[in-house]
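J.:
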Amino acid sequence: MKGCTIDSKQGTVIIKNAASYHVYSVDFMAKIIWHPVQIYNYLTNGWTIPKQKTYDPACPLTGEYVKKHMAEWCESNPEIDVVRFTTFLYQFTLLFNEKGKEKYVDWFGYGLAANPALLKRFEQEYGCAMTAEDFVSGGTYNNPFRVPSRKYLMYQDFISKFVAKTMRGLIDIVHQYGKEAMMFLGDDWIGSEPYGSYFKEMNLDAVVGSVGGGVTVRMLAEIPHVKIHEGRFLPYFFPDTFFEGNEENAVLELNKNWNTARRALLRSPLDRMGFGGYLSLADKFPKFISRVGDICNEFRQIHDVCYGKKPYSVATVAILNAWGEKRSWMAHMVAHELWYQRVYSYQGVYEALSGLPVNVKFLSFEDIREKGIPDDVDVLLNVGDRDTAYSGGENWKDPLIQEKVREFVAKGKGFIGVGEPTSYLEEGRLFTLSDVLGVDEEVSLTLSEDKYNIEKKKHFITEDVISEVDYGEGKKNIYALDGTDVLDIRFSPRFERKVNVGEVLMAANSFGEGRSVYLAGLPYSPQNARILYRSILWASSKEERIHRCFSTNVDTEVNYYPESRLYAIANNSSYDVETVFFDKNGRKERLSLSSGEIRWVKEHE
């Protein structure tokens, strides 16, 4: 280390010739001596088995041992016909503090896929060296919310190639013994990248993963190059849920998980479902077991009717961010699909989309640079906070990106922005495409420009709104440009003026022959899902299709399967509802649906 020395006994770094009152950070590489997932199980499930280290086949002797052990295990376990890897080589970044509490978690983190052997190989293969600043970037760990640098993407590519090649060798051994190979999408999954360039090369048979809701159903169900997709539903049969007196809460969690997942299953079914944990714990909760039985029967029915059948879609929506297809159905996640205050207002967008009758794609800015926006896309969706990979950050200063997106909308397509879309502070505005969106965010640099557009208007998008719209954390200081339709605005009781007041929460704007919609946030709820659906229809100029394959009650949704000539009208609520159902031709019928019911209706002759 240049300019400093290490005191290993004290655990400190001494910086030579330090400037007074300056702040310094020290980046260092440490060896993991206890596997983080085992630490989790020690803390959560009371494990006491011998502690395990992580292993790395990048070290030649370890690589040979792993292959030898795989063959020996297959030889000595002839009765096993499916080998489930949990998972492969590198754990997502997970660290605990000295108090036994989680300190850092990044489900997409490559921090534990860095060691001297791998770094040396990377430099030899790619001709550039990774530095500490590539993993600890700008004072924070390099995580998926940061716009990825070209070199960081190269390192991910390198790790993915190594994981695919190594696992192909192990999976070939599994296949030689007549067994199938299944991957658990979790724990040591880093580098596997199911939507990446090398996943196919592993020759896996199946994937299984935890289902947090509709988003993770779609994430699992649409993974390419495998025959079987399985979801592990919640709650886990662990002591933190299955303890005496907690059965009602366990059933509530089960129902909540199923109700959100079911919306996505009706669009993109899984092959199998299951649960994880200790069966002996669940066995003590008879009401829970009974409800699981009901859910399993409903899962089978959905699978039998919907599997392999393409449902009706009214439009194609493309999520635009810095990651694109590589992070399909993975945007705005920190620790899988767990709730975080800063992201739930955005995660709700994907949760709503997971069950709406639209096709969903994922585009990166690089995709647009290289190939433009696909012709079949009707609406672009840009979601997130400023300076993040999900809104796009500095990608929006690229004139080519601006040109392509403006042209896309001007020629009759749609754009929906949530949070701080297209944000990059330059030339007097924060939202680069404020002219398209019809709104911008006041960052105290244009206070002298009076803002008069504060009148709330009725609109097609808000026709089904029956209660106050939930924007989650929302965004402050959003104002509407002249000519924009303000659909919702919040005023402070401190000021009663007709200018320079209010914060726009929802807006609609026309740009050329196309349209745009702005939303300050959109946590998942049935009403918000309906708002998003109407926004998609309006932005794509297809609002005349609202009464096609549609149900008027926001707690209900319709999916139509042309091949089966069946409609599924689902009540997503925990209470009985009345609704008016419209078929593909606009023919309507009044229905009464019981709590959680799916009504299967044959197409009218």
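Just so we're aligned: 978 in my numbering is position 357 of the sequence shown, and the numbers increase by one with no gaps anywhere.
For each residue, glycine too, the CB sits at the ideal point set by N, CA and C.
1) Would C927 be called buried (16 or more neighbouring beta carbons within 10 Å of its own) or exposed?
2) Around the C-beta of K947, are 16 or more other C-beta atoms found within 10 angstroms, so that it is buried, or is it exposed?
3) Considering D1109, what are the terminal residues of the beta strand (DSSP E) in which it resides?
4) According to the neighbour-count rule (16 or more other Cβ atoms, all chains shown, within 10 Å of its Cβ), is D628 buried or exposed?
5) For I1082, which option in V1122, V1057 and S1137 has the closest C-alpha, if you only look at C-alpha atoms?
6) Where A1128 and V1090 are concerned, what is the direct C-alpha to C-alpha distance, given to the nearest angstrom?
7) Assuming D727 and V955 form a contact by the criterion Cβ under 8 Å, report the distance between their Cβ atoms to the nearest whole angstrom.
8) Suppose only complete runs of 3+ residues qualify. What are the beta strand (DSSP E) ranges in the stretch 842 to 895, listed by chain order?
9) Quick one: grab the DSSP three-state call for K927.
10) What are the complete alpha helix (DSSP H) segments, minimum 4 residues, inside the stretch 1173 to 1217?
11) State whether the stretch 910 to 922 contacts the stretch 873 to 892, with contact taken as three or more CB pairs (one from each stretch) at a distance under 8 Å.
12) Could you tell me which residues DSSP pairs with R705 in its beta bridges?
13) Buried or exposed: where does V795 fall if 16 or more other Cβ atoms within 10 Å of its Cβ makes it buried?
14) Hey, would you say G1003 sits closer than 9 Å to G969, going by beta carbons?
15) Tell me where the beta strand (DSSP E) around I1099 begins and ends.
16) Assuming the contact rule is C-beta atoms closer than 8 Å, G993 and K1034 should be a hit. Round their C-beta distance to whole Å, please.
17) What does DSSP give as the partner residue(s) for L1061 in the beta ladder?
18) If you reduce the DSSP assignment to three classes, tell me which class K1078 lands in.
19) Please return the same chain residues whose Cβ sits closer than 6 Å to the Cβ of L716, not counting the five positions on each side in sequence.
20) Counting only the same chain and skipping the five closest in sequence on each side, list residues whose C-beta sits under 6 Å from that of N980.
21) Along the beta strand (DSSP E) that carries S1044, what are the first and last residues, could you check?
22) Sorted by chain position, which residues of the same chain lie with C-beta nearer than 8 Å to R912's C-beta, five sequence neighbours on each side aside?
23) Is C625 helix, strand or coil when you go by DSSP?
24) Since I believe A802 is in contact with V658 (beta carbons under 8 Å), could you give me their beta-carbon distance rounded to a whole number of angstroms?
25) DSSP three-state label for D793, please.
26) Per DSSP, K1072 forms a beta bridge with which residues?
27) Which two residues bound the contiguous alpha helix (DSSP H) that contains M691?
28) Would you mind working out which of K1018, Y899 and F766 sits nearest M951, comparing C-alpha positions?
29) Terminal residues of the continuous alpha helix (DSSP H) containing A1129?
30) Buried or exposed: where does T633 fall if 16 or more other Cβ atoms within 10 Å of its Cβ makes it buried?
31) Which of the three DSSP states is assigned to K1034 in this structure?
32) Could you say which of F1116, L1140, I1087 and G1093 lies nearest to D1106 if we only look at CA atoms?
33) With distances taken Cα to Cα, identify the nearest neighbour of I792 among L774, K689, Q777 and V757.
34) Is it right to say Q745 is buried, meaning 16 or more other beta carbons lie within 10 angstroms of its own, or is it exposed?
35) Per the DSSP calculation, K982 is bridged to which residue(s)?
36) Would you list, in sequence order, the uninterrupted beta strand (DSSP E) runs of no fewer than 3 residues that lie entirely inside the stretch 957 to 1001?
T.: Concretely, from the data shown:
1) Under this definition C927 is a buried residue.
2) Sixteen is the threshold: when 16 or more other Cβ atoms of the shown chains lie within 10 Å of the Cβ of K947, as they do, the residue is buried.
3) It spans D1106 to R1111 - the beta strand (DSSP E) in which D1109 sits, taken as one unbroken run.
4) With fewer than 16 Cβ atoms within 10 Å of its Cβ, D628 is classed as exposed.
5) Its Cα nearest to that of I1082, the residue S1137 stands out among V1122, V1057 and S1137.
6) Looking at the backbone, the Cα of A1128 and that of V1090 are separated by about 13 Å.
7) 7 Å between Cβ atoms; contact.
8) You should have 849 to 853 and 893 to 895.
9) According to the sequence shown, residue 927 is Cys rather than Lys. In the structure shown, C927 sits in a helix (DSSP, three-state: H, G or I).
10) List check, alpha helix (DSSP H) in window: nothing returned.
11) The stretch 910 to 922, when compared against the stretch 873 to 892, does touch it at the 8 Å Cβ threshold.
12) According to DSSP, residue pairing for R705 in a beta bridge involves M803.
13) Burial is judged here by how many other beta carbons sit within 10 angstroms of a residue's own beta carbon; V795 has at least 16 and is buried.
14) The question names Gly, yet the displayed sequence has Asn at residue 1003. The criterion of a C-beta distance shorter than 9 Å is not satisfied by N1003 and G969.
15) In the DSSP assignment, I1099 falls within the unbroken beta strand (DSSP E) covering I1099 to A1101.
16) Between K1034 and G993 the Cβ distance is about 12 Å, and since that is not below 8 Å, they are no contact.
17) One point to set straight first is that residue 1061 is Asp, not Leu, in the sequence displayed. For D1061, which the question treats as bridged, DSSP gives the partners Y1100.
18) Three-state result, K1078: coil.
19) Excluding residues within five positions, the ones whose Cβ falls inside 6 Å are K724 and Y725.
20) Here the set comprises S934 and T937.
21) S1044 to E1047 is the extent of the beta strand (DSSP E) around S1044.
22) Same-chain partners within the cutoff: V872, L875 and N876.
23) Three-state DSSP puts C625 in a strand.
24) Actually they do not touch by this definition, with Cβ atoms about 20 Å apart.
25) Three-state DSSP puts D793 in a helix.
26) For K1072, DSSP records no beta bridge to any residue.
27) Counted as a single uninterrupted DSSP element, the alpha helix (DSSP H) harbouring M691 occupies residues P681 to S697.
28) Cα-wise, what sits closest to M951 is F766.
29) Careful: A1129 lies outside any alpha helix (DSSP H), inside the beta strand (DSSP E) at E1124 to F1132.
30) Its Cβ having fewer than 16 others within 10 Å, T633 is exposed.
31) If DSSP states are grouped into helix, strand and coil, K1034 belongs with coil.
32) Nearest option by C-alpha distance: L1140.
33) Relative to the Cα of I792, the nearest Cα in the group L774, K689, Q777 and V757 belongs to K689.
34) Label assigned to Q745: exposed.
35) According to DSSP, which records beta bridges pairwise, K982 is partnered with A939.
36) Listed in chain order, the complete beta strand (DSSP E) runs (minimum 3 residues) inside the stretch 957 to 1001 are 980 to 985.
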